[in-house]
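Enquirer:
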Amino acid sequence: AQSVTQLDSHVSVSEGTPVLLRCNYSSSYSPSLFWYVQHPNKGLQLLLKYTSAATLVKGINGFEAEFKKSETSFHLTKPSAHMSDAAEYFCVVSETGRRALTFGSGTRLQVQP
Amino acid sequence: EPEVTQTPSHQVTQMGQEVILRCVPISNHLYFYWYRQILGQKVEFLVSFYNNEISEKSEIFDDQFSVERPDGSNFTLKIRSTKLEDSAMYFCASSYDRGPSGANVLTFGAGSRLTVL
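Taken in order, these protein sequences are the chains called A and B.
Counting from 24, one number per residue, gives the positions in the first sequence under the numbering used here.
Counting from 88, one number per residue, gives the positions in the second sequence under the numbering used here.
#1: Among the residues of its own chain, which have a CB less than 7 Å from the CB of A:Pro54, if the five just before and after it don't count?
#2: Can you pull the chain B neighbours of A:Arg131, defined as C-beta to C-beta under 9 Å?
#3: For A:Ser1, does the three-state DSSP call read helix, strand or coil?
#4: At the 7 Å Cβ level, is A:Leu67 part of the contact set with chain B, yes or no?
#5: Applying the 10 Å Cβ sphere with the 16-neighbour rule, what's the burial state of B:Val99?
#6: Is A:Leu124 helix, strand or coil when you go by DSSP?
#7: Secondary structure at B:Leu171, three-state DSSP: helix, strand or coil?
#8: Counting only Cβ pairs nearer than 8 Å, list the residues of chain A close to B:Ala197.
#9: Could you check the C-alpha separation between A:Arg140 and B:Glu90 for me, to the nearest Å?
#10: Assuming A:Leu44 and A:Leu124 form a contact by the criterion Cβ under 8 Å, report the distance between their Cβ atoms to the nearest whole angstrom.
#11: Under a three-way DSSP split, which group does B:Ile113 fall into?
#12: Does DSSP put B:Ile166 in a helix, in a strand, or in coil?
#13: When the distance is taken between beta carbons, is B:Ser181 closer than 7 Å to B:Ile80?
#14: Return the residue from the list B:Glu155, B:Ser135, B:Glu140, B:Arg156 that minimises the CA-CA distance to B:Glu146.
#15: Return the Cβ separation of B:Ser174 and B:Leu201 in integer angstroms, given the expectation that the two are a contact with Cβ distance under 8 Å.
#16: A:Tyr52: buried (16+ other C-beta within 10 angstroms of its C-beta) or exposed?
#17: Is the Cβ-Cβ distance between A:Gln68 and A:Thr130 less than 7 Å?
#18: Quick one: give me the first and last residue of the beta strand (DSSP E) that B:Glu146 is part of.
#19: So which residues of chain A does B:Phe132 contact, with C-beta pairs closer than 9 Å?
#20: In whole angstroms, what separates the C-alpha of A:Ser83 from that of A:Ser128?
#21: Put A:Asn47 into one of helix, strand or coil per three-state DSSP.
In structure tokens, the structure reads:
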């Protein structure tokens with residue numbers, strides 16, 4: 024069975040400083056991993072995806088994530104936070120052959136001016 | 088950019104009433120999904136739908152729930168007799184296919200908030 028653990032429910036950073044949102048996964052098979060972002064009153068938007076190609080994945084808005092199989096991690100990073108990055112971020116896993124996505128509990132990112 | 092649209096954005100209903108949540112997936116997508124998020128809990132998979140039938144469902148998706156694609160554009164979730172614990176945000180999503188990368192990339196709507204009193 025697949026599962027996702029987001030290690031921080033809330034992260035607060037200052038504008039212009041780096042962002043790190045942590046995610047660990049558990050999967051029986053070769054997983055696909057995603058980060059989705061949700062801004063207030065908006066749908067879940069795909070930031071980036073990992074699908075067994077390059078382990079460092081670049082996404083939209085300057086975000087990237089690194090797949091580390093030995094650590095079963097897929098942490099999301101951004102070098103410099105912007106006020107518009109304030110949102111809820113979800114780490115998501117999908118197993119090959121299944122349609123269902125398994126979501127983490129989410130991390131709320133707050134960006135201070 | 089194509090969007091998944093959901094209506095209503097918020098619905099309040101009495102326990103025991105039937106509710107239909109509507110979704111318009113992206114027009115060339117083939118797979119359709121419902122997920123829900125109870126306040127303070129994780130987003131949970133309910134059901135996936137392909138070629139006019141359910142392709143996968145979770146244990147949450149019991150006989151109280153049904154899905155339908157009544158025409159070429161809409162995808163609906165019906166809850167037959169709502170319970171208090173059905174109060175949640177319901178997300179519709181669609182996807183085209185796995186693609187060469189093998190990833191199942193979904194486009195989500197903004198959600199329909201259901202409040203059962």
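Quick reminder that beta carbons are idealized off the backbone N, C-alpha and C, glycines included.
Expert: To lay it out plainly:
#1: Gln25, Tyr48, Val116, Ser117, Glu118
#2: Under the 9 Å cutoff, chain B gives no residues; its nearest Cβ is about 12 Å from A:Arg131.
#3: Past the edges of chain A, shown from 24 to 136, lies residue 1 of chain A, and the structure says nothing about it.
#4: yes
#5: exposed
#6: coil
#7: helix
#8: Asn64, Lys65, Gly66
#9: Any answer about residue 140 of chain A is impossible in this case: the structure gives chain A only from 24 up to 136.
#10: With 8 Å as the limit, A:Leu44 and A:Leu124 do not qualify as a contact, their Cβ atoms being about 18 Å apart.
#11: coil
#12: strand
#13: In the structure displayed, chain B extends from 88 to 204; residue 80 of chain B sits before or after that span and is not available.
#14: B:Ser135
#15: 6 Å
#16: exposed
#17: no
#18: Neither: B:Glu146 is in no beta strand (DSSP E) and is coded neither H nor E.
#19: Arg122, Ala123, Leu124, Thr125, Phe126
#20: Position check: residue 83 of chain A holds Ile in this sequence, whereas Ser was assumed. Rounded to whole angstroms, A:Ile83 to A:Ser128 spans 22 Å at the Cα level.
#21: strand
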